[in-house]
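**Student:** Chains as they are written, first to last, in our numbering: chain A, 61 to 814; chain B, 61 to 814. Next up is a structure, given as structure tokens.
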């Protein structure tokens, strides 16, 4: 039955101790008829039996034994061994290559030139015991890929995390970064936003450093005593403008095949406009200590033993970044098991294989789980089973540099994927702890049921119930009451899809329903993120000792793929989406209302000179101007559309899986591309590559999702006409989704009557 | 008129720009007839004209030029010069001495004995430039007065701020401090609570240190570059159990006169039970770095460049505290100007004169302002003016050790004070910034009007309007809307009286209406609090350059005294008190409700094993037991009493100052001791010395006020029968206050009819 189990879940899942819920279910699996459910569960048991922590660990150790950046020898070897594995196990597999713009650093320099001289070392020290960094000839210096070349000398300004709110704080202090080099700490927002915002503010260079308050000694003992970042550890990473577009900056929207039209580099909008370099806190402290000017605001203080000042000056720095801008080849490994019943309905599963250095945590931990799934599935096939739909497993290259491998593949095969792919399941770094899922809301019930079917390796309850227990205890600690807690934990909560991994081209560019999942929360601090200390030895001590959660990940992600591949009707559900959008629209109402009240209050306080009187006259702070009043914005079209979609979702929820296979086929046809109804061909303002209207990376956060982004970001920026356009566009979109859903419901009803 | 100006204030004070409000008022001063108001304002202008920043600075520099602890030579000299000043100016003045128990350190030792050896230095380094600490033979070592003697060796445990919630956190981690020495940082709660709680938890010793996150380099540049605490700076202070009783521990409740009965030291309940020593972060880091065990929770992290661990061990420490327990003499200087009309109605004004070392900030900054007031008032007297009521100015000794001088004086003269004193006005440390007031609510209107009449030296609006602007901007930053902001700033908000200065014996022991005030918020970090670096040179750079706010303080505190001394009818007002108590009672309803919901939620989560499932199994955390359910507590008697008092307050508010002087005399008689109706002779549970039923120091916070403490603290501790007793006692008390107020109102009405 497709009938909602929400209320039953509320009673079953919560009125009895969580541990008792983990028992053999006898109901139908969502999307399956009761007849097929037992067979599916039996299949999953056999799948589990094939998963081996030992073989996962072996493959993980081997793949993370040498530097794995794009273009490295070992990354290429890993592609070949991955291909070999797939083929040996019985998958149809190939390597698909793309040639992308890829700058490789040639000269990196940073020095303090006033009030004293200090040359940044820019190197990561060997760790006693010899675990890392290895004496590897292929080891690249720490850098940020897609930084512009540049050679600049200017006074320094400390800008905290370098986000929009930090520049607002600087403005209140009367400090400009125009013509300056900014020094920002990593964290809070996507690192690529930092040089972008710095450039927009007029800065000529950008230094990013890892403050010990964030992932160094303040957060936990530095490696090798603990998982924290050592004084010389540097966070590498991409500074591509990913919230504008992912993938090769020279081929936005199309695959970087040999014949693709490529932009001249000067027109590559997602490359930074100013040079940017990452440094350790061992280097950063010399620059921070040389700053004068006002004391940094309290929330700007880091963990170094000094008083943080903002500047500008007297510290002046010289920064040089020079790369070789050439084409580099990416190696995606793509494996397929053709579906027995619906070969043109695809379930795609992926994890990236490239890494900043060794990449044991990020992200070969997830890759090794994915390969274990592929091995187990192949074993089932050798025993005579076939998936009803086609399974595609992908080992992506170039994720770390900007989702390059997945994006070029998706752009190349966009039409076919839109016609065939129904679901993309993504993983990345995986460690000990609790299941965490971000996903298209239509997959919420699939996720909830799969999580109920996987046992947590430490507590022997389901990973769903363990995740819910953690959520409930957190909610309790924050002061929530039982009713709130129970409402929020009726099903495993899933987050909105933001950014940070290979689901982006699938979900947000071409509208394929996607799930991103992983375990975490009980690892020791990953203070070696994107550094040469991210090694297998570090991971097995601090990440997931014994790979127990690697196995749990394979069980979970594998079940998602297997159920989606075998279900009679795609296990999509629409009430969660309806609820989610209704909440988001309510949030927009509140946002506009609070912005309006804020502006009224702010203008009244300006009128009373309250800001002047509250300020310290000795600090000579700039005048606080009145904010613009907030005009009316009519959100009613959205309210109506949300109600309309909710009604359609309810109707669909009360239908049952039809007995007629023709009816099922027709329903599946309607549902395969359902997520695409939430996209718009024109995309979002200033970033047409992003076409999803409900959930994309926030332009001002980078990693976190912005929901209803066309409307929300226009409101936040005070672009009221644009907000109005997107209110109507989103409303129309929701209505057309409702139409499509009604068609599916009618087909279900007609099939059930046969 | 006594008619409430609340609504008018709302319109006048807020609908027009704040700066325009500061104009010559023509209305009657509250408590004055219109005829006398102009004369009073003229008097205050003449008073202002006598105040000199230069003479204040001269006296301040001189008094803070040598160590001023109890028993020091210079503190005695300061008493004598203060006496001389009062007498020269024309006050009737004397020194009144008390002999109190006063331990003086003989041997202080602290060493780390495992896993390595380190001997704590326990000394404050000289500062380049020679400002402090001086090479003064009288300089005492840094210590905590009223620490028990002891010589203990035990493993260390880091307990964060060492408050009740920190021990709850330790319990959740499964860590006990029984038999251990605890290492706690200064801050958050009164330092005396820390050894008390540590002892209650079974610890055998206690070390307190100043973490650089709180008042060292993290908060601001260390002295001499800025106002922050240098690495060797130590916070001295009292660890007397002040929330139980202030004053000489051998004479609780009676004055330490020569003939007083004294307890044997063993029976002195307010002395600590375990040895406790204060250290600098220069010393503390060696002990913290030697701790193992779990990583400290995130909110426990300080500013030292290391990972904070909780222990216990492997760090072991040896701690020795040995004092000479002898009697020491206190020198209070008490000066009087007898009232011309009502000599038996007293207005008392005080500030302490003793200090931990030099004490330029704490608290000779306030003392020098008070002396300037006394000088100016004496000048008015020489010009022929006399206060209508008696003014008593007091320079207290021994405040820093436990409010010794004021408490012994109040205890000695309790009957006379209860019969005569109508108001006590207290000050302490004073710096640049915004007026901050804690007071008995019946003084709210007096405070608001006085603050409206004093000009802020930097902005030229009233200190009231400047304080309100700061409050409004803070409220705006925290997200409040205009309506909220305007409601909260209809009058200058006053805090509840907690602890920390000499108002305690007046307000909380014998029920004299009290006001504690000072300026602050624009000083550079006072990281030299209670250290040898608290010098005049430090103060004049970072505290109140030019003593502009010293003058503002003298203007404000002096006006409070002068208006209270001259008013036709005591300028007390009762609507604020009624509102305040109504809010507090509403808070109690919410407290009980939220405790009940919390217990229900917690028990449900325990029943579901949620705490176990959410915990990391590798950490072996203890079982979380279910909390006790919250029984019914009938708060209705309190609701009724609050309504009754509010009605009486309204009636009083609509009366006018009577024309008949007999009627005024009768009203004044009823009002003089009004605050005493809020006390109960049995005092509070476990601390009978505290008799006020509405606002006293919290037993679990030490500094902060606990309102309706008999009820609130019983509820918080789950002592439900005691809570019920205090619900009835407080209700009866409020009703008898209402009766007394009704009598005053009737007298006003009868006098007005003449």
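Glycine residues also receive a C-beta, built at the ideal position from the N, C-alpha and C atoms.
(1) Quick check: the stretch 323-333 of chain A against the stretch 304-311 of chain A, are at least 3 beta-carbon pairs closer than 8 Å?
(2) Leaving aside the five residues before and after residue 113/A along the sequence, list all residues of the same chain whose C-beta is less than 8 Å from its C-beta, in chain order.
(3) Between residue 622/A and residue 358/B, what straight-line distance do the alpha-carbon atoms span, to the nearest angstrom?
(4) Is it right to say residue 81/A is buried, meaning 16 or more other beta carbons lie within 10 angstroms of its own, or is it exposed?
(5) So residue 364/A contacts chain B; which residues on that side make the cut at Cβ distance below 8 Å?
(6) If we ignore side chains and look at the alpha-carbon of each, how far apart do residue 351/A and residue 216/A end up?
(7) Looking at the structure shown, is residue 152/A part of a helix, part of a strand, or coil, going by DSSP?
(8) Could you check what DSSP says for residue 392/B in three-state terms: helix, strand or coil?
(9) For residue 645/A, which residues in chain B fall below 9 Å Cβ to Cβ?
(10) In terms of alpha-carbon separation, which member of 794/A, 105/A, 129/A and 125/A lies closest to residue 461/A?
(11) List, in chain order, every chain B residue whose beta-carbon is nearer than 8 Å to that of residue 245/A.
(12) Quick test of the definition: if touching needs 3 or more C-beta pairs under 8 Å, does the stretch 423-430 of chain B touch the stretch 166-174 of chain B?
(13) Leaving out five residues before and five after residue 526/B in sequence, what residues of the same chain have Cβ atoms less than 7 Å from its Cβ?
(14) Count the other C-beta atoms from every protein chain shown that fall within 10 angstroms of the C-beta of residue 804/B, then say buried if there are 16 or more, exposed otherwise.
(15) Determine whether the beta carbon atoms of residue 52/A and residue 354/A lie at a separation below 8 Å.
(16) Going along the stretch 545-561 of chain A in order, which residues come within less than 8 Å of chain B, judged by CB to CB distance?
(17) For the putative contact between residue 383/B and residue 209/B, defined by C-beta atoms under 8 Å, what is the C-beta separation to the nearest angstrom?
(18) What residues from chain A crowd round residue 662/B, counting only those whose CB sits closer than 8 Å?
(19) What residue range does the beta strand (DSSP E) around residue 449/A cover?
(20) Taking residue 616/A as part of the alpha helix (DSSP H), name the residues at either end of that continuous run.
(21) Is DSSP giving residue 387/B helix, strand or coil here?
(22) Over the uninterrupted beta strand (DSSP E) stretch that includes residue 52/A, give me the two end residues.
(23) State buried or exposed for residue 256/B, treating a residue as buried only when at least 16 other CB atoms are found within 10 Å of its CB.
(24) Taking the straight line between their C-alpha atoms, what separation do you get for residue 156/A and residue 468/A?
(25) Mind checking if residue 671/A is an interface residue toward chain B, Cβ cutoff 8 Å exclusive?
(26) Using the beta-carbon of each residue, which ones in chain A are nearer than 7 Å to residue 681/B?
(27) Classify residue 83/B as helix, strand or coil using the three-state DSSP reduction.
(28) Would you identify the three-state DSSP class for residue 203/A, choosing helix, strand or coil?
(29) For the structure I just gave you, are there three or more beta carbon pairs, one from the stretch 748-757 of chain A and one from the stretch 531-548 of chain A, closer than 8 Å?
(30) With distances taken from CA atoms, which of 439/B, 275/B and 273/B is nearest residue 146/B?
(31) The beta strand (DSSP E) with residue 368/B in it runs from where to where?
(32) So, are the CB atoms of residue 299/B and residue 262/B less than 8 Å apart?
(33) Are there 16 or more other CB atoms within 10 angstroms of the CB of residue 367/B, so buried, or fewer, so exposed?
(34) For residue 251/B, does the three-state DSSP call read helix, strand or coil?
(35) Using a Cβ-Cβ distance under 8 Å, would residue 330/A count as near chain B?
(36) Taking its Cβ as the centre, do 16 or more other Cβ atoms sit within 10 Å of residue 798/A, making it buried, or is it exposed?
**Tutor:** Once the coordinates are examined:
(1) The way I'd put it, the stretch 304-311 of chain A does touch the stretch 323-333 of chain A; three or more beta-carbon pairs between them come closer than 8 Å.
(2) Position 53 of the first chain, counting from 1, holds the residue named residue 113/A. Excluding five sequence positions before and after residue 113/A, the CB atoms of its chain that fall closer than 8 Å to its own CB belong to 606, 607, 608, 610 and 611, given in chain order.
(3) Residue numbering aside, residue 622/A sits at position 562 when the first chain is read from its first letter. Residue numbering aside, residue 358/B sits at position 298 when the second chain is read from its first letter. Taking the straight line joining both Cα atoms gives about 41 Å.
(4) Along the first chain, one-based indexing puts residue 81/A at 21. Interpretation of residue 81/A is limited by its pLDDT of 41, a score under 50 that renders its predicted location unreliable; the figure taken from the coordinates is listed afterwards. Buried: at least 16 other Cβ atoms inside 10 Å.
(5) In the first chain, the residue the question calls residue 364/A occupies position 304. Simply 365.
(6) The sequence position of residue 351/A within the first chain is 291, counting from 1. The sequence position of residue 216/A within the first chain is 156, counting from 1. So the two alpha carbons sit approximately 7 Å from each other.
(7) Here residue 152/A is taken as the residue at index 92 of the first chain, counted from 1. Strand.
(8) Position 332 of the second chain, counted from the first residue, corresponds to residue 392/B. Reduced to three states, the DSSP call for residue 392/B is strand.
(9) Reading the first chain from its first residue, position 585 is the one you call residue 645/A. Going along chain B, no residue has its Cβ under 9 Å from residue 645/A, so there is no contact; the nearest lies around 22 Å.
(10) On the first chain, position 401 is the one that residue 461/A refers to. Ranking the options by Cα distance to residue 461/A, first place goes to 129/A.
(11) Position 185 of the first chain holds residue 245/A. Going along chain B, no residue has its Cβ under 8 Å from residue 245/A, so there is no contact; the nearest lies around 15 Å.
(12) no
(13) Indexing the second chain from 1 puts residue 526/B at position 466. Cβ within range, chain order: 494, 516 and 519.
(14) By one-based count along the second chain, residue 804/B stands at place 744. With 16 or more Cβ atoms within 10 Å of its Cβ, residue 804/B is classed as buried.
(15) Given that chain A is displayed from residue 61 to residue 814, the structure contains no residue 52/A and the question cannot be resolved.
(16) 545
(17) As a position in the second chain, residue 383/B is number 323, starting the count at 1. As a position in the second chain, residue 209/B is number 149, starting the count at 1. Indeed, because the Cβ distance is near 6 Å, the residues count as touching under 8 Å.
(18) If you number the second chain from 1, residue 662/B lands on position 602. What residue 662/B touches in chain A: 536.
(19) On the first chain, residue 449/A is found 389 positions in, with the first residue counted as 1. Unbroken beta strand (DSSP E) run through residue 449/A: 449-456.
(20) Numbered from 1 along the first chain, position 556 holds the residue referred to as residue 616/A. Looking at the DSSP string, the run of the alpha helix (DSSP H) that includes residue 616/A is 608-626.
(21) As a working mapping, residue 387/B is identified with position 327 in the second chain. Residue state, collapsed to three classes: strand.
(22) Absent from the structure is residue 52/A, since the part of chain A shown begins at 61 and ends at 814.
(23) Against the second chain, residue 256/B aligns to sequence position 196. By the neighbour-count definition (other C-beta atoms within 10 Å, threshold 16), residue 256/B is a buried residue.
(24) Here residue 156/A refers to the residue found at position 96 of the first chain. Here residue 468/A refers to the residue found at position 408 of the first chain. Residue 156/A and residue 468/A have their C-alpha atoms spaced approximately 10 Å apart.
(25) Stepping through the first chain from its first residue, residue 671/A is reached at position 611. Taking Cβ atoms only, chain B reaches closer than 8 Å to residue 671/A, which makes this a yes.
(26) If you number the second chain from 1, residue 681/B lands on position 621. Those within 7 Å of residue 681/B in chain A number zero; the least Cβ separation is about 12 Å.
(27) As a position in the second chain, residue 83/B is number 23, starting the count at 1. With a pLDDT of 48 at residue 83/B, under the threshold of 50, the modelled position of this residue cannot be trusted, and the question is left open.
(28) Here residue 203/A refers to the residue found at position 143 of the first chain. Here residue 203/A sits in coil by DSSP.
(29) no
(30) If you number the second chain from 1, residue 146/B lands on position 86. The residue with the shortest Cα to Cα distance from residue 146/B is 439/B.
(31) Along the second chain, one-based indexing puts residue 368/B at 308. Neither: residue 368/B is in no beta strand (DSSP E) and is coded neither H nor E.
(32) Stepping through the second chain from its first residue, residue 299/B is reached at position 239. Stepping through the second chain from its first residue, residue 262/B is reached at position 202. No.
(33) Here residue 367/B corresponds to residue number 307 of the second chain, with the count starting at 1. Burial call: buried.
(34) Locating residue 251/B in the second chain gives position 191, counting from the first residue. Secondary structure of residue 251/B (DSSP, three-state): coil.
(35) Residue mapping note: residue 330/A aligns to position 270 of the first chain, counting from 1. At a cut-off of 8 Å, the C-beta of residue 330/A has no neighbouring C-beta in chain B.
(36) Here residue 798/A is taken as the residue at index 738 of the first chain, counted from 1. Per the 10 Å Cβ criterion, buried.
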